[in-house]
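Notes for the one structure printed next.
2 protein chains.
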Amino acid sequence: MDALFADLYEFTMLQAYLGEGMEAEAVFTLSVRHLPEARNYLVACGLGPVLEELEAFRFTDADIDYLATLGLFDAAFLARLKGFRFEGDVYAVPEGTPVFADEPILEVVAPLPQGQLVETLIMNQIHVQTLIASKAARMVAAAAGRPVIDFGARRMHGADAADLGARAAFIAGAGATSNVRAAQRFGIPPIGTMAHSYIQAHETERTAFEAFARRYPGATLLVDTIDTLQGVKAAIELMRGGAQPIEVTAVRLDSGDLAALSAAARQMLDEAGFADVRIVASGGLDEYQIAGLVARGAPIDTYCVGTRMGVSSDAPYLDITYKLAEYAGRGRVKLSTGKPVLPGRKQVFRTEQAGMAVGDVIGSWDEPQPGRPLLRKVMGKGRILAGARATVADARRTCADECARLPAALRSLEPAPYPVSVSPGLERARAAARREAQEAVTAPDAGAG
Amino acid sequence: MDALFADLYEFTMLQAYLGEGMEAEAVFTLSVRHLPEARNYLVACGLGPVLEELEAFRFTDADIDYLATLGLFDAAFLARLKGFRFEGDVYAVPEGTPVFADEPILEVVAPLPQGQLVETLIMNQIHVQTLIASKAARMVAAAAGRPVIDFGARRMHGADAADLGARAAFIAGAGATSNVRAAQRFGIPPIGTMAHSYIQAHETERTAFEAFARRYPGATLLVDTIDTLQGVKAAIELMRGGAQPIEVTAVRLDSGDLAALSAAARQMLDEAGFADVRIVASGGLDEYQIAGLVARGAPIDTYCVGTRMGVSSDAPYLDITYKLAEYAGRGRVKLSTGKPVLPGRKQVFRTEQAGMAVGDVIGSWDEPQPGRPLLRKVMGKGRILAGARATVADARRTCADECARLPAALRSLEPAPYPVSVSPGLERARAAARREAQEAVTAPDAGAG
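First to last, the sequence lines map onto chains A and B.
Under this note's numbering, the residue at position 405 of the first sequence is numbered 405, and the numbers go up by one with no gaps.
All you need for this note's numbering is the position in the second sequence, starting with 1, plus 449.
Structure, rendered in structure tokens:
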């Protein structure tokens, strides 16, 4: 990632901080203020790639040359950027951990200028992955054990989102992706069927099925280009095939009444002796449609989901923030309407009973609390810690394990509450920081006369 | 862009097409089937970067090595990928052109395997930019001449979306972006104010204002960290300043009742003799809020919009498709429920009366029709045509000019219709292609028995 991927004010503030000698330690907290209505929890995602970006953070000469053209930065500052490194510490919940409103997902402890400069990068990258992982977790829950596959690359927002979204969906339990670059980058199984265009380009559907399945034994055939059940019939004929039957793993239904069509297709396949040929469904599915199909007993073995998972269509953004929580040893809060900040370094303590989560407490980092602490140190002085290099497979396991410990109501598609409270110690720290901020605004130098 | 950024089936179909000798010319059409409810038109966007990607399309050895691991591709195919180039022609509407449902935004005319392989890339890149440009056009219209600034990088979906989204918003009329990398890549003016964290890190708001404005004369001060009107008062005190007054261009309000606060701030500034200090508003704004503030006469000079523009929050995806419309000189259609395809190469003819658009006709490419043709050839045999390298500034002018020719009702936030019809010649071609497809499905080899 180019180090210029930042809002302009990060650079002007950086130069100001350096000029003012404000390089003491700061704590920045990344969290989501409010959960979208249709989310009982979020799946924290994106930490791994962000840590790699922070470790590799450098300005190129071209970056610095561009900044020089803006007329805002002096030569000494631009020279300092050449050697700029991120040398902070990072504390975070492991990727795949379910989190709730106001809970720190990540905290940066770094000299103020460094912690500030990486704001845009960290927010952007954690946001998109947490957003898509949280949506994907609902799809996976709705499918109740049937594989969910990411087919969303074409309508996710850009190539970065398509790759990171495939990663996020996989961590949240999706089984594979159609996006080959994401599969390569992140070690996700790639998967694919065939497009309508392939059928259309051939003289008949049957010719297309035969050519494809002979080349790719065990292929999945897309049967709805002309008429779904005629397509299933054509597939069956070819599987029976006489001298040279073709071998097919599944048929894919991409349009129409998927409950009725899958039932009819299942019956046709079973009666023809192809009980092991599976049925794959796709076509604008969301978690409610999947849950409806599952509830109606639709004999669909695999759900391929694209756009609605890939853009988190019902909640396409999270109210994510990256806030200064402490500077030079003093907690900082913002008083403006409705946006309280929890000061200082924090920890999330999750209490479980009989292996199931019953409530979280957000406390100060060093405050003894019952419950399992979720944040841990993952980066020290700008280097990823040895034990913190989680693979995508690790994160996927974390997500499965941690989600299994959430109450079933939370994992359903119905709204369900989960108790999160602020510890007494942290409440006291917040009150103290708020008082200090109020005193500052009414201090003699703050606008009298 | 990595050539692996494609769905897996593009590669399996590619190998199949090459193996079957199906390399005749194909036409693929990119269009949007249905407009989102709250969009009267879309702003076509993304062509420039896509053409550059197509021209540079290459496989690296690492790409080919990865594909080899999948067990799907033979050595001859992988060897052919080494020399793979996109050598097709592309026809498209100029970036910034308003388009409607079913209208071709872009058509690829290329050997079938080439036209197929670039599907994911073209769809993904045009989708995100058209999506965000279309939303941004509404923000710009709502602001009724006041500048609209892109502040969305942190919550757009990934870094690619943040850059391309800044570009799309600028083409649709936004005045600047906070995203420095996007500014550098696309020649967009970068802009920035200051963050709450900067205020919080200082002992008092006043100290922060003073330090920042002395370093950056003409800065915009963020006044709502503690209390908005107290913040305005602090800014005024410093601008009056006695011996060394600071110079401020604007104050930014980021929370609270923006109509009331902007009115109060305006009055305070005017009474203090700072009638030329502007008021900038931000904080989760969408086009309806902007229109409401404008309607109430809120004295806001500039609107900074982030998330809701950057993710097109009310309509976070478009029903965009890339469909095979012709192969080997024959129109192709898909019969499956509700998804008709217009066959062959097409043109959009826009009829204007007294300089205002009154209706479009989608016709066959070579069919004489009244009205101004919108698609033109932009790439020939894989090379961008000399006249087709539009700059971002060109596209922005196109958008302004073309949108000015739309009826005012379409540019409002209220739903308004616009007549788009299919020409008689194209209707005949569609009927013929449909007949052919139906004959194919009932042909003797298509599943009898």
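For glycine and all other residues, C-beta sits at the position ideal for the given N, C-alpha and C.
Using a Cβ distance threshold of 8 Å, A:Ser-134 and A:Val-50 do not count as a contacting pair. Straight-line spacing of the CA atoms in B:Val-558 and B:Val-476 works out to 5 Å. The beta-carbon of B:Phe-454 is placed less than 8 Å from the nearest beta-carbon of chain A. Of the candidates B:Pro-560, B:Pro-638, B:Leu-555, B:Arg-603, B:Pro-638 places its Cα closest to the Cα of A:Thr-69. Taking a C-beta distance under 8 Å as the contact criterion, B:Leu-824 and B:Glu-556 qualify as a contact pair. For A:Ile-149, there is no enclosing alpha helix (DSSP H); the enclosing beta strand (DSSP E) covers residues 148–150. Any Cβ of chain A closer than 8 Å to the Cβ of B:Met-688 would place that residue at the interface, and such an atom is absent.
Unbroken beta strand (DSSP E) stretches of 3 residues or longer found wholly inside the region 118–166 of chain A: 148–150, given in chain order. For the pair A:Ile-279 and A:Arg-296, the CB atoms are not nearer than the 8 Å cut-off. Between B:Tyr-490 and B:Leu-742, the C-beta gap is not smaller than 8 Å, which leaves the two residues out of contact. By the 16-neighbour rule on beta-carbons within 10 angstroms, A:Gly-218 is exposed. For B:Pro-864 and B:Ala-487, the gap between their C-alpha atoms comes out near 7 Å. With a 10 Å radius around the Cβ and a threshold of 16 neighbouring Cβ atoms, B:Asp-612 comes out buried. Here DSSP, grouped into helix, strand and coil, assigns B:Arg-838 to coil. By the neighbour-count criterion, in which a residue is buried when 16 or more other Cβ atoms sit within 10 angstroms of its Cβ, A:Gln-114 is buried. Among the residues of the region 206–224 of chain A, those with a Cβ less than 7 Å away from any Cβ of chain B are Arg-206, Ala-211, Phe-212, Arg-215, Tyr-216, Asp-224, in the order of the chain.
Around B:Leu-875, no beta-carbon contact reaches into chain A at under 7 Å, the shortest distance being about 18 Å. Straight-line measurement puts the Cα of A:Leu-406 at about 11 Å from the Cα of A:Ala-354. Around B:Arg-884, no beta-carbon contact reaches into chain A at under 8 Å, the shortest distance being about 12 Å. With its beta carbon at least 8 Å from every one in chain A, B:Tyr-752 lies outside the interface. When Cβ pairs closer than 8 Å are counted between the two stretches, the region 758–766 of chain B is seen to touch the region 599–614 of chain B, the count reaching three or more. Cβ neighbours of A:Leu-112 within its own chain (closer than 7 Å, five residues either side excluded): Tyr-17, Met-22, Glu-23, Ala-24, Ala-26, Tyr-327. Secondary structure note for A:Ala-357: its beta strand (DSSP E) is the uninterrupted segment 356–364. B:Gln-565 and A:Ser-197 do touch by the CB rule: their CB atoms are close to 6 Å apart, below 8 Å. For A:Ala-219, the enclosing beta strand (DSSP E) starts and ends at 219–222. Following the DSSP letters along the chain, one finds B:Pro-498 inside the alpha helix (DSSP H) bounded by residues 496–504.
Distances from the alpha-carbon of A:Ile-171 to those of A:Phe-186, A:Val-180, A:His-157 put A:Phe-186 closest.
Taking 8 Å as the cut-off, the beta carbon of B:Gly-831 is found closer than this to the beta carbon of B:Leu-503.
An exposed status is given to B:Val-807, since fewer than 16 other beta-carbon atoms sit within 10 Å of its beta-carbon.
For B:His-483, no Cβ of chain A is located within less than 8 Å of the residue's own Cβ. Of the residues A:Val-333, A:Thr-12, A:Gly-387, the one whose Cα lies closest to the Cα of B:Ile-675 is A:Val-333.
By the neighbour-count definition (other C-beta atoms within 10 Å, threshold 16), B:Ser-870 is an exposed residue.
In this structure, A:Leu-413 and A:Tyr-288 form a Cβ contact; the two beta carbons are roughly 6 Å apart against a cut-off of 8 Å. The beta-carbon distance between B:Arg-655 and B:Ala-631, rounded to whole angstroms, is 33 Å. This is too long to meet the 8 Å contact definition. For B:Leu-791, the nearest beta carbon of chain A is not closer than 8 Å to its own beta carbon. At a cut-off of 8 Å between beta-carbon atoms, A:Phe-11 makes contact with chain B.
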